[in-house]
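*Asks:*
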Amino acid sequence: MSIEVSNSRVQGRGDPGADRFAAADGTRLALFSAGAPTPGLTYLFAHGWTLDHRSWEDVVAQLGEAEPDAAIVTYDHRGHGQSDRLPRGTGTLERLADDLAQILTDRVSGPVVLAGHSMGGMTLAALGERHPELVRERVVGAAFIATSAGPFFPRLRTRPYFLDEVIPRYFTWAESAANRRGSDRAARIQARMTLFGRDARRGDIDRALAQTRAAGPGATLEFGLSMSAHLRLDELTPFARIPVAVLAGEHDRLCPVRHSAALARALPQSALTVFSGAGHMLPYERSAEVVGRLRSVRRRAALARSEESR
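For what it's worth, our numbering labels the leading residue of the sequence shown as 796, then goes sequentially.
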């Protein structure tokens, strides 16, 4: 494991085209593809809780320019964005891992670099637990971004706290973003304090609020409770043999740096970067740097394959 502290910051924009994909239980997921039609490698991105594929738009735009030979796939988790509303009882990290495994098997060919932000990173860990052979066979690199292998928010393990504090706060954000009323300012302040670090841009805050509005309330509750039981440090073994970037924001209040440090310790081929001044929304706050770490993972993976073939 190597450790780096970064102070840089750049911004970009982009949004790929859409597709529909039926998961094993019939839930339709929205997929978005960009880049090369016959790629040598695919970057596959999993977004965070109450966000959607748009949280990756800056990363997608910059990565597409930097690596035109690669394919880039983002998607909306069930209950989020343009995917179907959440069927009751399916809001678990295990189900998200199965959805991701099906996308990998049915919609993506060749070697893959996986990237997961927040709940998306937890989905990657659950993928390693439930589909270890798929990870070993297809995944050549990974990025765990502002995420955790657990324990995540121990207080969320108490259902009253989750119902009395977390869910009302979510609806404050969503309602104000939808209605553009006087409470909109309060929602921005709450989102900035919870999701962002220093010097948050209003446009980024508004983008995050718009995605929160699009997430279904069932998804918010069920996935939140599933994350409260997330503990998968020992299940990261399938990722131990490949290059991994572990990225953290210095001021992340949802997944503090200690969670990323624990991930990095469990992954011997990992490089941990802590971004000074950044919060939880690294795909917005440090998009260019995220792209740089992803490209580094690809280079390290290519070097490892080259050495193995000698």
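C-beta: ideal position from N, C-alpha, C; glycine also.
In whole angstroms, give me the CA-to-CA distance for G859 and G911.
*Replies:* In a straight line, the C-alpha of G859 is about 18 angstroms away from that of G911.
*Asks:* Which value, in whole angstroms, describes the spacing of the CA atoms of R1027 and L1067?
*Replies:* Each residue's Cα considered, the two are about 18 angstroms apart.
*Asks:* Going by the CB atoms, is the gap between V908 and V1092 shorter than 9 angstroms?
*Replies:* Going by C-beta atoms, V1092 is nearer than 9 angstroms to V908.
*Asks:* Is it buried or exposed, V1085, if we count other Cβ atoms within 10 angstroms and call 16 or more buried?
*Replies:* Buried.
*Asks:* Which residue wins for smallest C-alpha separation from V903, given the options S878, R980, H926 and T869?
*Replies:* Measuring from the Cα of V903, the nearest candidate turns out to be T869.
*Asks:* Flag this pair as touching only if the segment 882-899 and the segment 860-867 have three or more C-beta atom pairs under 8 angstroms; answer yes or no.
*Replies:* The segment 882-899 is not in contact with the segment 860-867.
*Asks:* Return the first residue and the last residue of the beta strand (DSSP E) that T837 is part of.
*Replies:* Taken as a continuous stretch (DSSP letters only), the beta strand (DSSP E) holding T837 covers T837 to A841.
*Asks:* Let's test the definition: count the other Cβ atoms within 10 Å of the Cβ of A1040 and tell me whether it reaches 16, buried, or not, exposed.
*Replies:* Looking at its Cβ environment, which holds 16 or more other Cβ atoms inside 10 Å, A1040 is buried.
*Asks:* So V907 is in the beta strand (DSSP E); what residue range does that whole segment cover?
*Replies:* Start and end: V907 to H912.
*Asks:* With which residues is A813 paired in a DSSP beta bridge?
*Replies:* A813 is bridged to F827.
*Asks:* Pop quiz: H875 and A981 are said to be a contact at Cβ under 8 angstroms. What is the actual Cβ separation, rounded to whole angstroms?
*Replies:* The pair is not a contact, with the Cβ atoms about 24 angstroms apart (cut-off 8 angstroms).
*Asks:* Taking 8 angstroms as the limit between beta carbons, can you name the residues of its chain near A1035, skipping five residues before and five after?
*Replies:* A1061, L1062, P1063 and Q1064, listed in sequence order.
*Asks:* Looking only at its chain, what residues have a beta carbon closer than 8 angstroms to the beta carbon of A831, apart from the 5 residues adjacent to it on each side?
*Replies:* These residues qualify, in order along the chain: P863, D864, A865 and A866.
*Asks:* Applying the criterion that 16 or more other CB atoms from any shown protein chain within 10 Å of the CB defines a buried residue, is G977 buried or exposed?
*Replies:* Reliability of the predicted coordinates at G977 is poor, the pLDDT of 44 falling under 50, and no value is obtained from them.
*Asks:* Relative to the alpha-carbon of I898, which residue among L839, G886 and A1083 has its alpha-carbon at the smallest distance?
*Replies:* Residue L839 is the option with its Cα nearest to I898.
*Asks:* Between which two residues does the beta strand (DSSP E) holding S1065 run?
*Replies:* Looking at the DSSP string, the run of the beta strand (DSSP E) that includes S1065 is S1065 to F1070.
*Asks:* Once DSSP output is grouped into helix, strand and coil, what is the label at V1041?
*Replies:* Of the three classes helix, strand and coil, the one that applies to V1041 here is strand, per DSSP.
*Asks:* Please classify F1018: does DSSP put it in a helix, a strand, or coil?
*Replies:* The answer is helix: DSSP assigns F1018 an H, G or I state.
*Asks:* Based on Cα-Cα distance, which residue from D999, V935, I984 and S1101 lies nearest to L1089?
*Replies:* Nearest of D999, V935, I984 and S1101 to L1089, Cα basis: V935.
*Asks:* Checking the sheet assignment: what are the DSSP bridge partners for A937?
*Replies:* For A937, which the question treats as bridged, DSSP gives the partners L909 and V1039.
*Asks:* Mind checking R1081: buried by the 16 CB within 10 Å criterion, or exposed?
*Replies:* Buried is the call here.
*Asks:* By how many angstroms is the C-alpha of C1050 removed from the C-alpha of A1083?
*Replies:* About 21 angstroms.
*Asks:* At the level of alpha carbons, what is the spacing between A995 and R987?
*Replies:* Approximately 7 angstroms between the Cα atoms of the pair.
*Asks:* Using three-state DSSP, classify T868 as helix, strand or coil.
*Replies:* Looking at the sequence provided, one finds Val at residue 868 rather than Thr. DSSP places V868 in strand when its eight states are reduced to three.
*Asks:* Looking only at its own chain, which residues have a Cβ that is under 8 angstroms from the Cβ of L824, when we skip the five neighbours before and after it?
*Replies:* Here the set comprises R815, F816, A817, A818, Y870, D871, H872, R873, S878, D879, D894 and I898.
*Asks:* Could you give the distance in angstroms between the alpha-carbon of T822 and the alpha-carbon of G886?
*Replies:* The alpha-carbon atoms of T822 and G886 are separated by roughly 12 angstroms.
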